[in-house]
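Chemist: Chains as they are written, first to last, in numbering that gives the first Met the number 0: chain E, 0 to 345; chain G, 0 to 345. For every residue, glycine included, the Cβ atom is placed at its ideal position computed from N, Cα and C. Predicted model only: the values in this text are computed from it and were never measured. Sharing a structure below in structure tokens format, with a few things to ask.
Protein chains: 2
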Amino acid sequence: MGFDALNEREQAILKLLIEHYVATAEPVGSRILAQKYTIGLSPATIRNTMQDLEELGLVEQPHTSAGRVPTDKGYRTFVDQLLELKPISGQEAQALREQINAEGSTAVEDLLEKTTRVLASISQQLGVTLAPRFDQGILSHVELIPVAQKKILLILTVKSGLARTLLVEVDVELRDAVLERTAQLLNERLSGSKIGDLHQNLKERVKDLTGADARLLKMFVNASDSLMGMGGAGALRLEGTTNLVGNPEFKDHEKLSGVIQLLEERTSLVELLQQKGIGEGIVITIGKEINLSEAEPCAMVTSAYHAGRVSGTIGIIGPKRMNYGRLVSLVETTAKLLSKQLKKMF
Amino acid sequence: MGFDALNEREQAILKLLIEHYVATAEPVGSRILAQKYTIGLSPATIRNTMQDLEELGLVEQPHTSAGRVPTDKGYRTFVDQLLELKPISGQEAQALREQINAEGSTAVEDLLEKTTRVLASISQQLGVTLAPRFDQGILSHVELIPVAQKKILLILTVKSGLARTLLVEVDVELRDAVLERTAQLLNERLSGSKIGDLHQNLKERVKDLTGADARLLKMFVNASDSLMGMGGAGALRLEGTTNLVGNPEFKDHEKLSGVIQLLEERTSLVELLQQKGIGEGIVITIGKEINLSEAEPCAMVTSAYHAGRVSGTIGIIGPKRMNYGRLVSLVETTAKLLSKQLKKMF
DNA sequence: TCTTAGCACTCTCCATAATGGAGTGCTAAG
DNA sequence: CTTAGCACTCCATTATGGAGAGTGCTAAGA
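Here it is as structure tokens:
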């Protein structure tokens with residue numbers, strides 16, 4: 000990207016401008032920068048630099064005689080080239096550890112719930128987590144357990160130790176031996192496969208299983224959708240919607256409404272987060288880079304976390320005008336703690 | 000309440016006024032009522048009646064020369080004395096049945112999810128459901144099922160057929176015989192009791208169980224919180240937040256923010272709904288009657304539903320200015336369908 | 001006695017200035 | 001290359017003046 004490389008002064012001005020705008024939400028003018036920060040330049044000089052930045056598409060004016068405001072591209076340059084990580088405070092780190100390393104939580108669900116909450120409360124933004132992608136996992140074993148007459152508990156366990164259960168009802172009472180036999184056959188046929196693949200073609204893969212109870216097989220295939228599907232609703236957790244509402248960027252009703260709609264609809268958000276959680280490390284996505292029109296005024300800081308072989312995504316969502324330095328540190332630390340805790344649990 | 004009994008004309012005017020206000024969200028003046036509805040009275044006469052209604056505290060003027068708007072007390076009188084039920088349309092009834100009576104859903108969770116969604120979509124308001132109050136149920140039996148080494152599945156089943164499961168980890172590997180023995184002892188000691196009572200004093204009730212594995216007992220007691228507690232987050236479902244956002248009463252940012260905060264916080268909403276779901280039949284709660292300041296601009300139409308011996312709550316939440324006649328029918332029908340389906344399932 | 005036409009009154013809403021202020025771009029001097 | 005100075009632009013705020021809606025009250029009519 001050499002063609003839009005910034006000289007030192009341009010970098011300094013852009014950095015100060017964004018930092019000031021993040022703090023105040025007001026367009027920032029040349030005088031403010033000259034006064035507030037001992038930068039050794041007059042407003043006029045700063046104005047010249049600002050014009051350069053505007054020509055590069057990094058800042059813009061809401062109207063002719065207002066100060067400048069960063070554009071998406073400006074934020075992008077800022078986070079790519081100028082970002083200073085600001086480690087979270089001792090207290091905050093403490094709070095994180097208390098929630099995530101707590102001994103009490105036996106279930107992944109609890110842990111994610113707590114994580115989402117603490118993310119929201121420390122960031123003062125919207126905290127999000129996406130449960131581990133079950134469909135990435137390798138099936139370890141299937142169990143069919145008689146619970147009551149006509150009720151069977153299905154358990155799917157993956158290699159890392161994650162499991163999902165589903166209580167289903169069958170039409171007729173089945174003898175334990177039949178259950179055991181079918182479970183055994185299913186295990187022989189299926190274990191070692193990736194859940195995602197199984198989800199695609201389960202019907203094909205079990206249709207020629209002789210010796211298994213046909214009714215039971217059918218039930219298993221039917222149930223597989225809820226067992227192997229990611230279960231959009233359950234997988235996504237959101238906390239801190241309130242934190243968004245206060246932001247000046249959402250005083251426009253349209254915008255707020257759009258974002259709330261997005262959060263409610265969930266599926267597109269789930270897809271988005273899945274995609275952001277593929278790689279390693281922190282991913283920052285700003286404004287239009289999120290390919291959803293309703294999310295235009297927002298930015299996300301996300302990171303993958305790991306539970307054995309499978310991974311999920313955590314992150315925070317807020318207005319573009321967010322404290323990237325702080326939030327990147329927060330999400331990074333949280334993802335690490337979460338992965339560590341999950342490793343300990345399995 | 001004889002002292003504020005309304006004469007026929009006052010009733011008619013109040014009814015028309017509220018109906019018109021519900022439709023338009025604009026203060027309604029005397030001329031409109033005289034013109035729009037063939038009421039056989041001149042605006043002046045209507046004005047006189049309106050003054051009476053105002054003295055009774057049933058309507059009020061936003062400002063001196065505006066039309067009238069119903070007060071909470073006005074709505075209350077309307078729903079208590081003047082409400083005409085408007086049966087939902089055939090299409091809507093069809094949609095309800097399709098979602099609720101669907102054969103596919105094996106799990107109560109799915110069913111509630113669908114119910115919440117369809118409530119929201121038909122009402123064009125916020126749909127809410129609260130899962131059956133597990134703690135009202137009578138414990139039928141406990142099961143401890145070895146799933147993998149060091150992993151045990153706990154199942155709590157109540158008389159009606161509802162069950163909850165939890166996968167827990169134990170420090171040491173336990174032999175099946177030990178599990179069976181402990182489960183048997185737990186059943187002898189606990190089954191037949193109300194879950195809510197057990198939740199209170201489980202530790203006391205099992206501490207002298209000789210012959211049971213101590214470690215297993217401790218694990219069971221620890222797990223009881225998540226098994227027997229109502230699990231606020233999981234019990235409450237909300238759909239249709241977007242439907243609220245569009246309403247003119249929420250164009251004031253403060254109000255919208257308050258309601259969103261309320262929805263997010265969940266615990267007070269759960270308590271509220273539990274309380275409304277105690278009796279039988281439809282409960283309408285209007286404005287300040289909901290004892291939560293953030294919910295002041297809202298009204299709720301709720302009803303209990305039943306799953307065997309235990310009950311839950313469903314309902315819709317919207318602005319006070321809602322179509323009570325239609326929504327009462329909707330919630331009533333939905334609660335009946337839901338109870339019927341649950342009965343069928345167990 | 002109840003109803004209604006008429007009228008003065010009040011208040012909101014909207015559009016139209018008028019003013020002050022913030023911030024810019026440009027020019028010319030240092 | 002930097003900066004002081006200045007004209008200029010645009011927004012935000014406030015004031016002003018109808019137009020419109022709806023009321024309360026009074027007095028006349030049924």
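Determine the direct distance from the alpha carbon of ARG8 (chain E) to that of HIS305 (chain E), and round the result to whole angstroms.
Modeler: Approximately 41 Å between the Cα atoms of the pair.
Chemist: Is the closest heavy atom of the ligand SAM to the C-beta of ILE259 (chain E) under 6 Å?
Modeler: Ligands are entirely absent from the displayed structure, and the ligand SAM is therefore not among its contents.
Chemist: Could you tell me the alpha carbon to alpha carbon distance between ALA294 (chain G) and VAL27 (chain G), rounded to whole angstroms?
Modeler: So the alpha carbons of these two residues sit roughly 24 Å apart.
Chemist: For LEU216 (chain E) versus VAL269 (chain E), is the C-beta spacing smaller than 7 Å?
Modeler: Going by C-beta atoms, LEU216 (chain E) is not nearer than 7 Å to VAL269 (chain E).
Chemist: Against chain E, with Cβ distances strictly below 7 Å, would LEU190 (chain G) count as a contact?
Modeler: Just to set this straight, residue 190 (chain G) is Ser in the shown sequence, not Leu. Not closer than 7 Å to any Cβ of chain E, the Cβ of SER190 (chain G) fails to qualify, so no.
Chemist: Who are the near neighbours of ALA94 (chain G) in its chain, counting only those whose CB is closer than 7 Å to its CB and skipping five residues on each side?
Modeler: Closer than 7 Å at the Cβ level, and outside the excluded window around ALA94 (chain G), lie VAL117 and ILE121.
Chemist: Classify HIS140 (chain E) as helix, strand or coil using the three-state DSSP reduction.
Modeler: In this structure, HIS140 (chain E) counts as strand in the three-state DSSP scheme.
Chemist: Using the beta-carbon count (16 or more within 10 Å), is ILE277 (chain E) buried or exposed?
Modeler: That one is exposed.
Chemist: With a threshold of 7 Å on Cβ separation, who are the neighbours of GLU168 (chain E) within its own chain once the five nearest residues in sequence on each side are excluded?
Modeler: Here the set comprises LYS149 and LYS150.
Chemist: Go ahead and pull the three-state DSSP assignment for LEU201 (chain E).
Modeler: It is helical.
Chemist: In whole angstroms, what separates the C-alpha of LEU237 (chain G) from that of LEU111 (chain E)?
Modeler: Taking the straight line joining both Cα atoms gives about 20 Å.
Chemist: Do the stretch 125-132 of chain E and the stretch 184-192 of chain G meet, that is, are 3 or more Cβ pairs less than 8 Å apart?
Modeler: Segments in contact, no.
Chemist: Evaluate HIS62 (chain G) with the Cβ neighbour count: other Cβ atoms within 10 Å of its Cβ, from every protein chain shown; 16 or more gives buried, anything less gives exposed.
Modeler: When all chains shown are included, HIS62 (chain G) counts as exposed.
Chemist: For LEU32 (chain E), which residues in the same chain have their Cβ closer than 6 Å to its Cβ, ignoring the five residues on either side in sequence?
Modeler: Around LEU32 (chain E): LEU15 and ILE45.
Chemist: Let me make sure I understand the geometry here. Which of G:GLU54, G:ILE12, G:ARG308 and G:VAL171 has the alpha-carbon closest to that of LYS35 (chain G)?
Modeler: The option with the nearest alpha carbon to LYS35 (chain G) is G:ILE12.
Chemist: In chain G, which residues lie with their C-beta within 8 Å of the C-beta of SER256 (chain E)?
Modeler: Going along chain G in sequence order, the residues near SER256 (chain E) (Cβ under 8 Å) are THR241, VAL244 and GLY245.
Chemist: I want to see whether chain E comes within less than 7 Å of ILE194 (chain G), judged by CB atoms only; does it?
Modeler: No, no contact with chain E.
Chemist: For LEU185 (chain E), which residues of its own chain have a beta-carbon under 6 Å away from its beta-carbon, when the five flanking residues on both sides are left out?
Modeler: Within the same chain, LEU185 (chain E) has close Cβ partners VAL141.
Chemist: Return the CA-CA distance between VAL127 (chain E) and ASP175 (chain E), expressed in angstroms with no decimal places.
Modeler: Each residue's Cα considered, the two are about 43 Å apart.
Chemist: Counting only beta-carbon separations shorter than 7 Å, does THR164 (chain G) have a partner in chain E?
Modeler: Answer yes: the Cβ-Cβ gap between THR164 (chain G) and chain E drops below 7 Å somewhere.
Chemist: Please list, in chain order, the residues of the stretch 129-152 of chain G that have any C-beta partner in chain E closer than 9 Å.
Modeler: Here the close residues are SER139, HIS140, GLU142, ILE144, VAL146, ALA147, LYS150 and LEU152.
Chemist: Determine, using beta carbons only, whether GLU295 (chain G) comes closer than 7 Å to chain E.
Modeler: Not one chain E Cβ lies under 7 Å of GLU295 (chain G).
Chemist: Would DSSP call THR70 (chain G) helix, strand or coil?
Modeler: THR70 (chain G): coil per DSSP, three-state reduction.
Chemist: Give the residues of chain E in contact with GLN260 (chain G), contact being defined as C-beta atoms less than 9 Å apart.
Modeler: The answer, in chain order, is THR240, THR241 and VAL244.
Chemist: Let's test the definition: count the other Cβ atoms within 10 Å of the Cβ of ASN6 (chain G) and tell me whether it reaches 16, buried, or not, exposed.
Modeler: Flag for ASN6 (chain G) reads exposed.
Chemist: Pick helix, strand or coil for ALA182 (chain E), following the three-state DSSP scheme.
Modeler: Correct three-state label for ALA182 (chain E): helix.
Chemist: Among the residues of its own chain, which have a CB less than 6 Å from the CB of LYS254 (chain E), if the five just before and after it don't count?
Modeler: So the qualifying residues of the chain are PRO296.
Chemist: Near GLY307 (chain G), which residues of its chain fall below 8 Å by C-beta distance, leaving aside the five closest residues on each side in sequence?
Modeler: Excluding residues within five positions, the ones whose Cβ falls inside 8 Å are GLY136, VAL157, LYS158, SER159, GLY160, LEU161, LEU341, LYS342 and PHE345.
Chemist: Quick one: Cα of THR300 (chain G) to Cα of THR70 (chain G), how far?
Modeler: A quick correction: the sequence has Val, not Thr, at residue 300 (chain G). Using only the alpha carbons, I get a separation of about 17 Å.
Chemist: Count the other CB atoms within 10 Å of the CB of GLN90 (chain E); is the residue buried (16 or more) or exposed (fewer)?
Modeler: Exposed is the call here.
Chemist: Between G:ALA65, G:GLU83, G:GLN98 and G:GLU54, which lies nearest to LEU336 (chain G) when the distance is taken from Cα to Cα?
Modeler: Comparing Cα-Cα distances from LEU336 (chain G) to each of G:ALA65, G:GLU83, G:GLN98 and G:GLU54, the minimum goes to G:GLN98.
Chemist: DSSP on PRO318 (chain E), reduced to helix/strand/coil?
Modeler: Note: PRO318 (chain E) maps to strand in three-state DSSP.
Chemist: For ILE154 (chain G), which residues in chain E fall below 8 Å Cβ to Cβ?
Modeler: Neighbours of ILE154 (chain G) on chain E, chain order: VAL146 and LEU152.
Chemist: Between the stretch 104-115 of chain G and chain E, which residues of the former have CB atoms less than 8 Å from a CB of the latter, in chain order?
Modeler: Correct list: THR105, ALA106, ASP109 and GLU112.
Chemist: Going by DSSP in three states, ILE289 (chain G) sits in which element: helix, strand or coil?
Modeler: In this structure, ILE289 (chain G) counts as coil in the three-state DSSP scheme.
Chemist: Are any of the Cβ atoms in chain E nearer than 7 Å to that of GLU172 (chain G)?
Modeler: By this cut-off, GLU172 (chain G) is not an interface position.
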